[in-house]
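Okay, so the sequence shown: first residue is 7 according to the working numbering, each after it adds one. Report on one structure; see the data block that follows.
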Amino acid sequence: MSVVRTPAEIDVDALVARFAQLYDGAPAGVWAAPGRVNIIGEHTDYNGGFVLPIALAQHTIAAVRQRDDERVRVASASMDGGAPVEFELSDMAPGGEYGWASYVVGVGWAARQRRLPVTGIDIALDSNVPLGAGLSSSAALSCVTARAWSDLLGWGIDDETVADLGRDAENHIAGAPTGLMDQLASVCGWAAHAMQIDTRAVTVNQIPFDLGRFGLSLLVVDSHTEHSHAGGEYAERRRSTQEAALRLGVAELRDVPLESLATTLDKLPDLLRRRARHVITDSARVEQVAAALAAGDDPRRIGSLLNDSHASMRDDFEITVPSVDTIQAAAVAAGAYGARMTGGGFGGCVIALVDGDAAETVAQACAAAAERGGFPAPTAFEAVPSTGATRLR
């Protein structure tokens, strides 16, 4: 049985029909926002560093209609049996209990903080972005909501502000202390490109990433060990890196020169030293990978940097788990040029840079290793860089 699978397409017409059934009328439009996979640069975004994601071909799709009151009605094909949940915008506040709908209603709250005009909306959702896999299903949800609300109410905001609204919804309403990478990747993606994002300057540099030209594929192997950004471990990593920066007397860990890394980090206790070392070196690896890709080098050359990044996440940042480590090692042993966990950690996916005709072989090796280890059976797909959040109709 094949491990590499192509995710099912979303039936947009069926979503529009479901909207009409739920809300007694047609939507004003349909929008889509993709998930993302990060090639390299983990937990660097909230430390002012660099990241290198791609937008995926998997999307969250939203059929939306403006209301003339403050009610937000939200229905998802994969949540609450598809039944709508309802909230009032006037009741939105940090610390409230909104469940998965936090990523929708939180955008309305964030828009009001910017004094943008906000009315209620009816929204029906469907998605083929895997949940809990480290592929930013939550950012896809918040960003498709922000893009739709902006278009419907004529906010006239740029891509960075759309991403900011999504991040604020996640940070303040959903309670997930993410950086800006996930949202920028969902909004700013280009086909056949990766995005080198400078999270301090909030700039996006599009880097050619056409692996097919080199006979390669980026395999995404889902461990089916779910993670959550709203959990305590993610927040603890953010606190520890902020404490390290404070002790070193810098605004952010990005400000620590790589050349003096060893002597600078000697000032920190062991735990903070290892946390800081990961962030600083992984941000530097982003620059190395981006430079190689921009120069048109054979992407096989970046494989060792992917392996180094995984080792850093495992040993210094301590965000991998046994199932993920098993899959990463199996991918490399089966011929991947490099492999690493991607996403916030504590589960999720491994990416592997493989020859295009070897994707199934590598995926089968990962599945066999997971079975031997007593872990959930992984599934896999080949990642294709795609465009960011947009209106479909």
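The beta carbon of each residue, even a glycine, is placed where N, CA and C say it ideally should be. Computed from a predicted structure; not experimentally measured.
Next item on the list: Go through its chain and collect everything with a Cβ distance to E258's Cβ below 6 Å, but skip five positions before and after it.
Entry: Working through the sequence shown from its first residue, we reach residue 258 at position 252. The residues are N53, G54 and A251.
Next item on the list: Hey, could you find the ends of the alpha helix (DSSP H) L159 is sitting in?
Entry: Residue mapping note: residue 159 aligns to position 153 of the sequence shown, counting from 1. Note, L159: alpha helix (DSSP H), S143 to L159.
Margin query: Starting from N313, trace the alpha helix (DSSP H) in both directions and tell me its first and last residue.
Written below: Residue 313 sits at position 307 when you count from the first residue of the sequence shown. Start and end: G309 to S318.
Item checked: Backbone secondary structure at H284 - three-state DSSP -> Taking the first residue of the sequence shown as 1, we reach residue 284 at position 278. In the three-state reduction of the DSSP assignment, H284 falls in the helix class.
Next item on the list: Whole angstroms is fine: what's the gap from R291's alpha carbon to H316's?
Entry: As a position in the sequence shown, residue 291 is number 285, starting the count at 1. As a position in the sequence shown, residue 316 is number 310, starting the count at 1. When rounded, the distance between both Cα atoms is 11 Å.
Check: Taking the beta strand (DSSP E) that F387 falls in, what are its first and last residues?
Finding: Position 381 of the sequence shown holds residue 387. Counting along the chain, the beta strand (DSSP E) containing F387 begins and ends at T385 to A389.
Notebook entry, point to check: Quick one: what's got a C-beta closer than 6 Å to A336's C-beta in the same chain, skipping five residues either side?
Noted result: Position 330 of the sequence shown, counted from the start, is the residue given in the question as residue 336. Hits under 6 Å: A371, C372 and A375.
Margin query: Just to confirm the assignment, what range does the alpha helix (DSSP H) spanning L217 have?
Written below: Mapped onto the sequence shown, residue 217 falls at position 211. Per DSSP, L217 is not a residue of any alpha helix (DSSP H), being assigned neither H nor E.
Notebook entry, point to check: DSSP puts M187 in a beta bridge; with which residues?
Noted result: By 1-based counting over the sequence shown, the position of residue 187 is 181. Paired residues: none, contrary to the question.
Next item on the list: Please classify Q119: is it buried, with 16 or more other beta-carbons within 10 angstroms of its beta-carbon, or exposed?
Entry: For the purposes of this step, residue 119 is taken as residue 113 along the sequence shown, with counting starting at 1. Its Cβ having fewer than 16 others within 10 Å, Q119 is exposed.
Notebook entry, point to check: Do G35 and D157 come within 8 Å of each other at the CB atom, strictly closer than that value?
Noted result: Taking the first residue of the sequence shown as 1, we reach residue 157 at position 151. Taking the first residue of the sequence shown as 1, we reach residue 35 at position 29. Pairing D157 with G35 gives a Cβ-Cβ distance under 8 Å.
Notebook entry, point to check: Which residue from P100, L222 and V91 puts its Cα closest to that of A107?
Noted result: By 1-based counting over the sequence shown, the position of residue 107 is 101. The shortest Cα separation from A107 among P100, L222 and V91 belongs to V91.
Check: Does DSSP put A39 in a helix, in a strand, or in coil?
Finding: Indexing the sequence shown from 1 puts residue 39 at position 33. Correct three-state label for A39: strand.
Next item on the list: Would you mind reading off the limits of the alpha helix (DSSP H) that contains D331?
Entry: As a working mapping, residue 331 is identified with position 325 in the sequence shown. P328 to A339 is the extent of the alpha helix (DSSP H) around D331.
Item checked: Proximity to D288 [Cα-Cα], best of E242, R306, L274 and L267 -> The residue you call residue 288 lines up with position 282 of the sequence shown. Of the residues E242, R306, L274 and L267, the one whose Cα lies closest to the Cα of D288 is L267.
Checklist line | For E232, three-class secondary structure by DSSP | finding: Along the sequence shown, one-based indexing puts residue 232 at 226. E232: coil per DSSP, three-state reduction.
Notebook entry, point to check: What's the gap between the Cα of A116 and the Cα of S8?
Noted result: For the purposes of this step, residue 116 is identified with residue 110 of the sequence shown, where counting begins at 1. For the purposes of this step, residue 8 is identified with residue 2 of the sequence shown, where counting begins at 1. When the Cα atoms are used, A116 and S8 turn out to be separated by approximately 43 Å.
Next item on the list: State the beta-bridge partners of M201 as determined by DSSP.
Entry: For the purposes of this step, residue 201 is identified with residue 195 of the sequence shown, where counting begins at 1. For M201, which the question treats as bridged, DSSP gives the partners Q212.
Margin query: So, at 7 Å on beta carbons, what are the nonlocal neighbours of D188 in its own chain, with the 5 sequence-adjacent residues on each side left out?
Written below: Position 182 of the sequence shown, counting from 1, holds the residue named residue 188. Result list for D188: R42, S142 and A145, in chain order.
Notebook entry, point to check: Can you tell which of I46, T50, V226 and L398 has its C-alpha closest to the C-alpha of Q294?
Noted result: Counting from one through the sequence shown, the residue named residue 294 turns up at place 288. Of the candidates I46, T50, V226 and L398, the one whose C-alpha sits nearest the C-alpha of Q294 is I46.
Item checked: 8 Å Cβ cutoff, A61 in contact with chain D -> Given the protein chain composition of this structure (a single chain), no chain D is represented.
Next item on the list: Report the option in L186, L159 and I213 whose CA atom is closest to the CA atom of D74.
Entry: Locating residue 74 in the sequence shown gives position 68, counting from the first residue. Of L186, L159 and I213, the residue nearest in Cα terms is L159.
Item checked: Start-to-end residues for the alpha helix (DSSP H) that takes in V262 -> Stepping through the sequence shown from its first residue, residue 262 is reached at position 256. Note, V262: premise wrong, no alpha helix (DSSP H); not H, not E.
Checklist line | For C194: DSSP bridge partner residues | finding: Here residue 194 corresponds to residue number 188 of the sequence shown, with the count starting at 1. None, per the DSSP bridge assignment.
Notebook entry, point to check: Which one of H49, L299, A99 and A68 has the shortest CA to CA distance from T348?
Noted result: One-based indexing of the sequence shown puts residue 348 at position 342. Nearest to T348 by C-alpha distance, out of H49, L299, A99 and A68, is H49.
Notebook entry, point to check: If we ignore side chains and look at the alpha-carbon of each, how far apart do V168 and L122 end up?
Noted result: Translated into positions along the sequence shown, residue 168 becomes position 162. Translated into positions along the sequence shown, residue 122 becomes position 116. One Cα belongs to V168, the other to L122, and the distance between them is close to 12 Å.
Check: Using CA coordinates, which residue listed in Y109, G101 and V18 is at the minimum distance from I67?
Finding: What you label residue 67 is simply residue 61 of the sequence shown in a count that begins at 1. For the set Y109, G101 and V18, the Cα lying nearest the Cα of I67 is the one of V18.
Note to self: Using the Cβ count rule (16 or more neighbours within 10 Å means buried), how would you classify L147?
What the structure shows: Translated into positions along the sequence shown, residue 147 becomes position 141. With 16 or more Cβ atoms within 10 Å of its Cβ, L147 is classed as buried.
Next item on the list: May I have the straight-line CA-CA distance separating L398 from I129, to the nearest angstrom?
Entry: For the purposes of this step, residue 398 is taken as residue 392 along the sequence shown, with counting starting at 1. For the purposes of this step, residue 129 is taken as residue 123 along the sequence shown, with counting starting at 1. Taking the straight line from one Cα to the other gives about 15 Å.
Next item on the list: Can you say whether S329 is buried or exposed, counting buried as having 16 or more other CB atoms within 10 angstroms of its CB?
Entry: Your numbering for residue 329 matches position 323 in the sequence shown. Within 10 angstroms of the beta-carbon of S329 lie 16 or more other beta-carbons, which makes it buried.
Checklist line | E134, DSSP secondary structure in three states | finding: Counted from its first residue, the sequence shown places residue 134 at position 128. The sequence shown places Asn at residue 134, not Glu. Here N134 sits in coil by DSSP.
Notebook entry, point to check: Can you list, in chain order, the stretches of the alpha helix (DSSP H) that have 4 or more residues and sit fully within the segment 15 to 87?
Noted result: Within the segment 15 to 87, the complete alpha helix (DSSP H) runs of at least 4 residues are 18 to 29.
Check: Taking DSSP as the reference, what is the three-state secondary structure of R346?
Finding: Position 340 of the sequence shown, counted from the first residue, corresponds to residue 346. The answer is strand: DSSP assigns R346 an E or B state.
Notebook entry, point to check: What is the DSSP secondary structure of L3, reduced to helix, strand or coil?
Noted result: Residue 3 is absent from the structure shown; the chain starts at 7 and stops at 399.
Note to self: Can you give me the C-alpha to C-alpha distance between V10 and E232, rounded to a whole angstrom?
What the structure shows: Here residue 10 refers to the residue found at position 4 when the sequence shown is read from its first residue. Here residue 232 refers to the residue found at position 226 when the sequence shown is read from its first residue. Each residue's Cα considered, the two are about 19 Å apart.
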